[in-house]
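Mapped onto this note's numbering, the consecutive letters of the sequence shown carry residue numbers 4 to 277. Note that the Cβ used here is the ideal one computed from N, Cα and C, for glycine as well.
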Amino acid sequence: MKAVRVRKENAEEVRKLAERIGAKDRRRLIKTDGEYVEIPILDGFEQNFRDFEIVDQEIPVENPRRKFLELVSEKVPASVRNFLPNSYKIIGDIAIVKIREEVEKYAGEIANSIMASNPRIKSVWRDLGKEGMIRRPKLELLAGSRSETIHVENGCMFKLDVTKVMFSLGNQYERQRIADKAEGEVVVDMFAGIGYFTIPTAKKAEKVYAIELNPEAYCYLLENIRLNRLKNVLPFLGDSMFITPEGVADRVIMGHIFCQDFLETAIRAIDKEG
Numbered sequence: 004m005k006a007v008r009v010r011k012e013n014a015e016e017v018r019k020l021a022e023r024i025g026a027k028d029r030r031r032l033i034k035t036d037g038e039y040v041e042i043p044i045l046d047g048f049e050q051n052f053r054d055f056e057i058v059d060q061e062i063p064v065e066n067p068r069r070k071f072l073e074l075v076s077e078k079v080p081a082s083v084r085n086f087l088p089n090s091y092k093i094i095g096d097i098a099i100v101k102i103r104e105e106v107e108k109y110a111g112e113i114a115n116s117i118m119a120s121n122p123r124i125k126s127v128w129r130d131l132g133k134e135g136m137i138r139r140p141k142l143e144l145l146a147g148s149r150s151e152t153i154h155v156e157n158g159c160m161f162k163l164d165v166t167k168v169m170f171s172l173g174n175q176y177e178r179q180r181i182a183d184k185a186e187g188e189v190v191v192d193m194f195a196g197i198g199y200f201t202i203p204t205a206k207k208a209e210k211v212y213a214i215e216l217n218p219e220a221y222c223y224l225l226e227n228i229r230l231n232r233l234k235n236v237l238p239f240l241g242d243s244m245f246i247t248p249e250g251v252a253d254r255v256i257m258g259h260i261f262c263q264d265f266l267e268t269a270i271r272a273i274d275k276e277g
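This is the structure we're talking about:
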């Protein structure tokens with residue numbers, strides 16, 4: 004079984020390419036090995052990745068999502084199997100799944116199949132979108148009872164309640180890439196959330212100013228600073244438009260969909276030599 008082996012900073016680019024051309028082998032999980040990532044691909048697509056190292060996986064990491072599909076397909080009529088979710092997100096020990104209206108009457112079977120195929124999952128929630136300016140998750144409990152978990156990523160711990168704050172799994176390599184570039188720097192994270200960028204960056208940077216508007220996310224930011232034993236993070240609760248420190252930063256992180264409105268504030272935060 005083949006996989007593309009790349010450094011972490013290139014992993015997201017290669018993963019997106021594999022998804023776009025239909026080369027990603029969904030039966031297997033992406034494997035992390037130190038500073039490298041192995042992205043499983045289907046046989047016959049090697050030529051599409053000739054600029055990267057292709058390796059044989061002697062012990063491939065099998066994808067429990069594949070087992071989930073096999074289990075749930077046995078519990079629903081053949082006429083609706085095409086509407087079943089083919090994947091779900093795992094945050095810590097909690098699964099979050101999108102379910103189409105055509106199969107929502109089988110939501111219980113879907114949730115039970117997820118838990119049966121992956122013993123680490125303790126609860127399953129249905130993703131119903133986001134609400135409000137702070138994009139609070141809108142979820143429905145399908146199995147289990149817990150909503151709070153600790154998610155581990157790139158050696159960092161993130162405690163969160165999945166019903167209160169969002170967590171983007173797709174940005175994990177970008178978070179590490181930014182952190183690696185911030186070695187020895189003073190960084191301002193204008194939209195810190197629970198510490199998505201702040202926590203990994205603080206492990207490399209000299210100091211991080213972390214600003215968050217949402218009180219619930221801010222509480223988890225404080226908890227995650229403590230969990231990761233970081234002494235170089237200065238957290239602030241409030242609107243970064245008004246409380247961002249000026250002239251202190253070598254680098255400013257702006258992980259927000261409306262960040263263009265804050266550009267002038269970000270520029271003022273940068274030290275003259277930043």
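Cβ distance (whole Å) where residue i is taken to contact residue j below 8 Å
| i | j | result |
| --- | --- | --- |
| Glu143 | Leu131 | 6 Å |
| Glu49 | Arg8 | Actually they do not touch by this definition, with Cβ atoms about 12 Å apart. |
| Met193 | Ser148 | About 35 Å; that fails the 8 Å criterion. |
| Arg84 | Tyr39 | No, Arg84 and Tyr39 are not in contact; Cβ-Cβ is about 37 Å, not under 8 Å. |
| Val58 | Ala6 | 5 Å |
| Asp274 | Val251 | 6 Å |
| Leu280 | Lys92 | There is no way to answer for residue 280, as the model of the chain reaches only from 4 to 277. |
Member of the options whose CA lies at the smallest distance from the CA of residue i
| i | options | result |
| --- | --- | --- |
| Lys210 | Phe55, Ser171, Asp253 and Ser243 | Asp253 |
| Thr35 | Ile94, Glu188, Arg18 and Lys162 | Arg18 |
| Ala21 | Tyr39, Glu38, Leu240 and Asp46 | Asp46 |
| Gly258 | Glu77, Ile97, Phe170 and Ile273 | Phe170 |
| His154 | Ile94, Asn85 and Val191 | Ile94 |
| Ile124 | Tyr109, Glu151 and Val106 | Glu151 |
| Ala272 | Leu240, Tyr109, Ile214 and Tyr223 | Ile214 |
| Ala195 | Lys184, Thr247 and Glu16 | Thr247 |
| Val189 | Pro80, Leu87 and Glu249 | Glu249 |
| Ile99 | Arg31, Ala146, Glu267 and Val191 | Ala146 |
| Leu240 | Leu230, Tyr212, Arg229 and Asn231 | Tyr212 |
| Ile44 | Lys101, Thr268 and Arg31 | Arg31 |
| Ala278 | Val106, Ile97, Val191 and Tyr199 | Given that the chain is displayed from residue 4 to residue 277, the structure contains no residue 278 and the question cannot be resolved. |
| Ile13 | Val79, Met4 and Phe52 | It is Asn, not Ile, that sits at residue 13 in the sequence shown. It is Phe52 whose Cα lies nearest to the Cα of Asn13. |
| Asp54 | Glu16, Gly37, Lys78 and Ala269 | Glu16 |
| Glu77 | Ile97, Arg103, Tyr109 and Glu104 | Tyr109 |
| Ile97 | Leu87, Ile270, Phe86 and Ala114 | Ala114 |
| Met4 | Gln60, Arg103 and Glu41 | Gln60 |
Own chain residues within Cβ distance below 6 Å of residue i, not counting five before or after
| i | result |
| --- | --- |
| Ile137 | Asn217 |
| Phe71 | Ser116, Ile117 and Ser120 |
Close-in-space but distant-in-sequence residues of the same chain around residue i (CB under 8 Å, 5 per side omitted)
| i | result |
| --- | --- |
| Leu74 | Ser116, Ala119 and Ser120 |
| Arg29 | Asn66, Arg68, Arg69, Asn89 and Ser90 |
| Gly187 | Lys207, Ala208 and Glu209 |
| Thr268 | Met193, Ser243, Met244 and Thr247 |
| Lys133 | Arg139, Pro140, Lys141 and Met169 |
Residue i - partner residues in DSSP beta bridges
| i | result |
| --- | --- |
| Cys159 | Glu156 |
| Tyr39 | Arg10 and Asp36 |
| Ile99 | Lys92 and Trp128 |
| Ala252 | Ile273 |
| Pro67 | Bridge partners of Pro67: none, in fact. |
| Leu144 | Trp128 |
| Glu56 | Arg8 |
| Glu215 | Leu240 |
| Glu209 | Glu209 pairs with nothing; no bridge assigned. |
Same chain only: Cβ atoms within 7 Å of residue i, ignoring 5 sequence neighbours per side
| i | result |
| --- | --- |
| Glu156 | Gln175 |
| Ile197 | Phe161, Leu163, Val168, Ala220, Tyr223, Leu224 and Asn227 |
| Phe265 | Met193, Ser243, Met244 and Met257 |
| Thr166 | Pro140, Leu142 and Ser150 |
| Pro203 | Asn157, Cys159, Arg178, Gln179 and Ala182 |
Within 8 Å, do at least three Cβ pairs link the segment 180-187 to the segment 232-249? Not touching, per the Cβ criterion.
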